[in-house]
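Student:
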Amino acid sequence: MNKAELYLQIRDDIRRRIWPQGQPLKQQTLADYYQTSRIPVRDALARLAAEGWLVSAGKASLMIPPLSAAEAQELCLIRQQLEPLALRLAIPQLNFAILGAAEDCLRAAAQAGTDPLRHGELNWQFHQLLYQPCAMPTLLQLLQQLHLKVEMYLGFQQVSLGYAAQSAAEHQQLLQLLRDNQPDLAVALLQRHIADAATTLQQHLALA
C-alpha cells in the first residue's frame with residue numbers, strides 16, 4: 004500500500020482499537036504487521052501525531068493516548084458549540100431528499116452490527132447530511148475532524164454503556180422535529196443529545 008493508504012489503515016486500526024493505548028508503538032512491529040518498511044510507517048505516525056491521534060511516549064516514541072474524561076469533556080463542549088450552529092444555519096435549506104438520506108443512514112446503522120468504526124462512519128454521514136447545507140466549508144471540515152476523534156469515545160460508549168439504542172432514538176426524534184419544521188426544538192434536542200452522551204461517558208471514564 005502507498006503512504007496515504009498506510010496512514011488511513013493505521014488511523015482506522017487506532018479507531019478500531021487494534022493497537023493498545025498507553026504503550027509505545029514500535030515502528031518495526033507496525034512495518035511487519037502492514038508488510039511495509041519502517042520509513043512509510045514513520046511518516047504515517049508523524050502525521051497521526053500532528054493530528055492528535057498519537058502523543059509522545061518519550062525517547063522519540065509515540066503512543067495512542069488513553070481515553071481521558073477531561074478530553075471527552077473538551078470534545079463534547081466543542082461539539083455543543085459548533086454543531087448546533089451548523090444545524091441552525093442549515094435548517095432553512097433542508098429538504099425531504101436530505102432528510103430521507105439521513106433516514107437511510109439510520110437504517111444502515113441499525114443493520115451495521117457492533118463494528119464501532121462502521122457506526123462512527125454512519126454517525127458522521129447522518130450529521131454531515133444535516134449540516135452540509137450551512138455552506139460553511141471551514142466549519143464542516145472542523146466538524147469532520149472532531150467527529151473522527153470523538154469516534155474513539157463514541158465507540159467505547161456504545162459498546163461499554165449500551166448507548167447505541169438511546170442514540171438511535173434521539174436521531175429519529177431529531178429527524179421528526181426537522182420534518183415538523185420545529186427548528187428551535189431540533190437545535191435544543193441536538194444540544195441535549197450531545198450533553199447527555201458526554202455526561203454518561205465522563206462518569207464512566209472517571210470510574211474506570
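Residue numbers (this note's numbering): 4 to 211.
Beta carbons are placed, not taken as given, at the ideal position from N, Cα and C, and that holds for glycine.
Quick check on DSSP: helix, strand or coil for I21?
Tutor: One-based indexing of the sequence shown puts residue 21 at position 18. Of the three classes helix, strand and coil, the one that applies to I21 here is coil, per DSSP.
Student: Are the CB atoms of L80 and L133 nearer to each other than 8 Å?
Tutor: Translated into positions along the sequence shown, residue 80 becomes position 77. Translated into positions along the sequence shown, residue 133 becomes position 130. Result no, Cβ atoms of L80 and L133 do not sit closer than 8 Å.
Student: Rounding to the nearest angstrom, what Cα-Cα distance links P43 and T141 in this structure?
Tutor: Here residue 43 is taken as the residue at index 40 of the sequence shown, counted from 1. Here residue 141 is taken as the residue at index 138 of the sequence shown, counted from 1. The straight-line gap from Cα to Cα measures roughly 29 Å.
Student: G103 lies in the beta strand (DSSP E); which residues open and close that run?
Tutor: Here residue 103 is taken as the residue at index 100 of the sequence shown, counted from 1. Note, G103: premise wrong, no beta strand (DSSP E); alpha helix (DSSP H) at 99-113.
Student: Less than 8 Å between the beta carbons of Q24 and P68, yes or no?
Tutor: If you number the sequence shown from 1, residue 24 lands on position 21. If you number the sequence shown from 1, residue 68 lands on position 65. Yes; because the gap between Cβ atoms is below 8 Å, this pair is in contact.
Student: Roughly how far, in whole angstroms, is the beta-carbon of L9 from the beta-carbon of Y36, given that I think they are within contact range, below 8 Å?
Tutor: Here residue 9 is taken as the residue at index 6 of the sequence shown, counted from 1. Here residue 36 is taken as the residue at index 33 of the sequence shown, counted from 1. Actually they are not in contact, since the Cβ atoms of L9 and Y36 sit about 11 Å apart, beyond 8 Å.
Student: With distances taken from CA atoms, which of D183, G61, L85, R14 is nearest E54?
Tutor: By 1-based counting over the sequence shown, the position of residue 54 is 51. The shortest Cα separation from E54 among D183, G61, L85, R14 belongs to R14.
Student: What are the residues that DSSP puts in a beta bridge with S40?
Tutor: Locating residue 40 in the sequence shown gives position 37, counting from the first residue. DSSP lists no partner for S40.
Student: Between the segment 138-154 and the segment 81-88, do at least 3 Cβ pairs fall closer than 8 Å?
Tutor: Contact between the segment 138-154 and the segment 81-88 is present, with at least three C-beta pairs closer than 8 Å.
Student: Thinking C-beta only, is L178 closer than 8 Å to E86?
Tutor: Counting from 1 along the sequence shown, the entry for residue 86 is found at position 83. Counting from 1 along the sequence shown, the entry for residue 178 is found at position 175. No, the Cβ-Cβ distance between E86 and L178 is not below 8 Å.
Student: Are the Cβ atoms of L65 and L11 separated by less than 8 Å?
Tutor: Translated into the one-based positions of the sequence shown, residue 65 becomes position 62. Translated into the one-based positions of the sequence shown, residue 11 becomes position 8. Cβ distance not < 8 Å, so L65 and L11 don't count as in contact.
Student: Cβ of R19 within 8 Å of Cβ of Q30?
Tutor: Counting from one through the sequence shown, the residue named residue 19 turns up at place 16. Counting from one through the sequence shown, the residue named residue 30 turns up at place 27. Their beta carbons are not under 8 Å apart, which means R19 does not touch Q30 by this criterion.
Student: Closer than 7 Å by C-beta to V190: which residues in its own chain qualify, once you throw out the five before and the five after it? Chain order, please.
Tutor: Your numbering for residue 190 matches position 187 in the sequence shown. P87, L90, R91, listed in sequence order.
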